[in-house]
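K.L.:
I'd like to ask you about the structure that follows.
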Amino acid sequence: MPPGIAPPSDSTTSETLPASRRVHVVGAGPVGLLLTALLQSMEGFSVHLYEKRREYSRTRMVQLAPYLVADSVESYRTDYIDGDNVEAIFDPQELEEGLAFRKSIPTDLMALLRQWALGFCSLNAIERAVSDLIDARGSNAVRRTLGVVSVQDTMAMLEPEDILIDCTGSRSLLRDHLAPGSVDEGANTLNIRLEYALVVTFLYGQMYACNEYCKYYKNVENALYKFIPAVHRTYYDGSITHVTGIVKITAEDYAAMPSRFDGPWLRNNFPNVAESMDRFIDKVKQETHGELLGNLEIIRIPLNLYRARNATSRQWRTAVPGEHPFANTPVFLVGDSAIGSPYFQSISLGFECAMFLAGLIAQRDLPLRDMLDRYELHIYKQWLRVYMRSKMIKHNKDLFESLDDPLALLDKLHIY
Ligand SMILES: Cc1cc2nc3c(=O)[nH]c(=O)nc-3n(C[C@H](O)[C@H](O)[C@H](O)COP(=O)(O)OP(=O)(O)OC[C@H]3O[C@@H](n4cnc5c(N)ncnc54)[C@H](O)[C@@H]3O)c2cc1C
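Quick note on numbering that gives the first Met the number 0: the sequence shown kicks off at 0 and runs consecutively.
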């Protein structure tokens, strides 16, 4: 057992792994769990899943993108910005192969994906459902280890023929260790800071739906600190609307705020931001005659658009063959550890990449070199897709901020 890791939890332990290829998945968030469930259902692999958290406690409401469960190229490209990007970046054959893999996903897992693509779901409900599914499957038990995994642990756990997959999220464990040279934080990360923002979530006791007109008119008197509900993040569950949106803040505001707080803290410490929020919510109330339920939940985050420059360990193989553990064992980044954007459905993207990698791993006669190259290329294409969409949305957002100031607006436009 790697040093520093607690004994496996009781529920899903199998002391000896079957005589098959071992895959280590570090991080049992949504993406690590989905990948585990996919590999578990393939013959010839034994999966060892590592997670540091005891409980799934993240309750934020998330939605899966419909493209995730698409069954045709047309339905894969229905989003009006993303659809064009997908057509420009991917070859038709690649899209067909992706769809063919989806069709091979076991029905128990596919049923969950279809259900989540219909509406909103809490993040921990997704995590618990996939985790329970993994445990409930009778065959090919997944070995689980509860505890923090370090970089040294990952190197110590590896044996020839193993595969190591990092699903540890945006603060990836291995991202900066995938290439020879510097292991400084960010050495292998391209990061574009789009802005700093407050993510504000509240519950409202009536049906409320938002669109671009709503965003504009409810912010007309807010010269600064406009609250922008994410259209796809307002969700009416039959009695309550869940609303999530963002407010752009300055770097100085960001530095002066705690990472998480509520409405009263905002009113006491940043009255200008609170007034903008209150004006927005008052207009919602005037229109729909409801009340805010409970408090505002607020976190402050930097909105980062980023990617790992290397999403695999292929550089170790060519630079120092045989000398480093990662030169002999393929390492892959999947999910937020590989790519992230605040304006993209990141879980769906992570699931997409997990499906692609599972499809590669399933091809047991695929030379390792090809597997690494194909995964790198796929991640790069997904990055282009995310980059293009995210930049477009950021640009639209910047224009929106200046709608009432034609000169400022024109300053931001480049026409022809
Ligand atoms: C406010 C907010 C709202 C969001 N809304 C949406 C949305 O509507 N739709 C959407 O698609 N996405 C949304 N996202 C993004 C989404 O939550 C992430 O994309 C998703 O959680 C990434 O999944 P992941 O499995 O790659 O990483 P994570 O969810 O970060 O999971 C990583 C896992 O690895 C474990 N781990 C980390 N380090 C170690 C270690 N050293 N040892 C052992 N275990 C470790 C962690 O405990 C965790 O369980 C939102 C994010 C935020 C912050």
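By construction, the Cβ of each residue, glycine as well, lies at the ideal position given by its N, Cα and C atoms. Since the structure is predicted, the reported quantities are computational estimates derived from the model, not experimental observations.
So residue 164 and residue 34 are in contact, right, with Cβ under 8 Å, and what is the actual spacing, rounded?
P.N.:
6 Å
K.L.:
Measuring CA to CA, which of 25, 313, 383 is closest to residue 145?
P.N.:
If we check each option's Cα against that of residue 145, 25 comes out closest.
K.L.:
Cutting at 6 Å between CB atoms, please list the residues of its own chain near residue 302, excluding the five before and the five after it.
P.N.:
193, 194, 196, 341
K.L.:
So does residue 228 have its beta carbon nearer than 6 Å to some heavy atom of ligand 1?
P.N.:
Result no, Cβ not under 6 Å from ligand 1.
K.L.:
Using the Cβ count rule (16 or more neighbours within 10 Å means buried), how would you classify residue 176?
P.N.:
Buried, by the Cβ-count rule.
K.L.:
Is residue 67 helix, strand or coil when you go by DSSP?
P.N.:
helix
K.L.:
I need the straight-line Cα distance from residue 310 to residue 253, nearest angstrom please.
P.N.:
30 Å
K.L.:
Would you list the one or two residues that DSSP bridges to residue 322?
P.N.:
The partner list for residue 322 (beta bridge, DSSP) is empty, contrary to what the question assumes.
K.L.:
Do you know offhand how far residue 284's Cα is from residue 290's?
P.N.:
About 7 Å.
K.L.:
If the criterion is Cβ atoms closer than 7 Å, does the pair residue 57 and residue 112 meet it?
P.N.:
no
K.L.:
Which term fits residue 39, buried or exposed, when burial requires 16 or more other beta carbons within 10 angstroms of its beta carbon?
P.N.:
buried
K.L.:
In three-state terms, what does DSSP make of residue 360?
P.N.:
helix
K.L.:
Verify whether the separation of the beta carbon atoms of residue 333 and residue 30 is less than 7 Å.
P.N.:
yes
K.L.:
Using DSSP bridges, identify the partner residues of residue 303.
P.N.:
192
K.L.:
Give a yes or no on whether the C-beta atoms belonging to residue 265 and residue 204 are separated by under 7 Å.
P.N.:
no
K.L.:
Check residue 338 in the structure and name its three-state DSSP category.
P.N.:
strand
K.L.:
Just list the residues that DSSP pairs residue 228 with in beta bridges.
P.N.:
Residue 228 pairs with 244.
K.L.:
Only counting the same chain, and skipping five residues up and downstream in sequence, which positions put a Cβ closer than 7 Å to that of residue 350?
P.N.:
30, 33, 67
K.L.:
Can you tell me the Cβ-Cβ gap for residue 348 and residue 374, rounded? I've got them flagged as a contact below 8 Å.
P.N.:
Incorrect: roughly 14 Å between the Cβ atoms, too far for contact.
K.L.:
Pick helix, strand or coil for residue 290, following the three-state DSSP scheme.
P.N.:
Coil, per DSSP.
K.L.:
Could you tell me whether any non-hydrogen atom of ligand 1 is closer than 6 Å to the CB of residue 344?
P.N.:
yes
K.L.:
Mind checking which residues open and close the alpha helix (DSSP H) that includes residue 83?
P.N.:
81-88 is the span of the alpha helix (DSSP H), which, as asked, contains residue 83.
K.L.:
Is residue 159 buried or exposed, if buried means 16 or more other CB atoms sit within 10 Å of its CB?
P.N.:
When all chains shown are included, residue 159 counts as exposed.
K.L.:
Which residues does DSSP list as the beta-bridge partners of residue 165?
P.N.:
25, 332
K.L.:
Which same chain residues end up closer than 8 Å to residue 74 when comparing Cβ atoms and leaving out the 5 residues on each side of it in sequence?
P.N.:
The beta carbon of residue 74 sits closer than 8 Å to the beta carbons of 65, 66 from its chain, once the five residues preceding and following it are set aside; these are given in chain order.
K.L.:
Could you tell me which of 405, 403, 411, 378 sits nearest to residue 393, measuring between CA atoms?
P.N.:
If we check each option's Cα against that of residue 393, 411 comes out closest.
K.L.:
At the level of alpha carbons, what is the spacing between residue 352 and residue 338?
P.N.:
10 Å
K.L.:
Output the distance between the C-alpha atoms of residue 102 and residue 166, rounded to the nearest integer angstrom.
P.N.:
24 Å
K.L.:
If the criterion is Cβ atoms closer than 7 Å, does the pair residue 199 and residue 295 meet it?
P.N.:
yes
K.L.:
So, helix, strand or coil for residue 372, using DSSP?
P.N.:
helix
K.L.:
Quick one: is residue 92 buried, meaning 16 or more other Cβ sit within 10 Å of its Cβ, or exposed?
P.N.:
exposed
K.L.:
Identify every residue that forms a DSSP beta bridge with residue 119.
P.N.:
62
K.L.:
At the level of alpha carbons, what is the spacing between residue 106 and residue 260?
P.N.:
41 Å
K.L.:
Please report the straight-line C-alpha distance between residue 408 and residue 400, rounded to a whole angstrom.
P.N.:
Between residue 408 and residue 400, the alpha-carbon positions lie close to 8 Å from each other.
K.L.:
I'd like to know if the region 82-98 and the region 377-392 are in contact, where contact means that at least 3 CB-CB pairs between them fall below 8 Å.
P.N.:
yes
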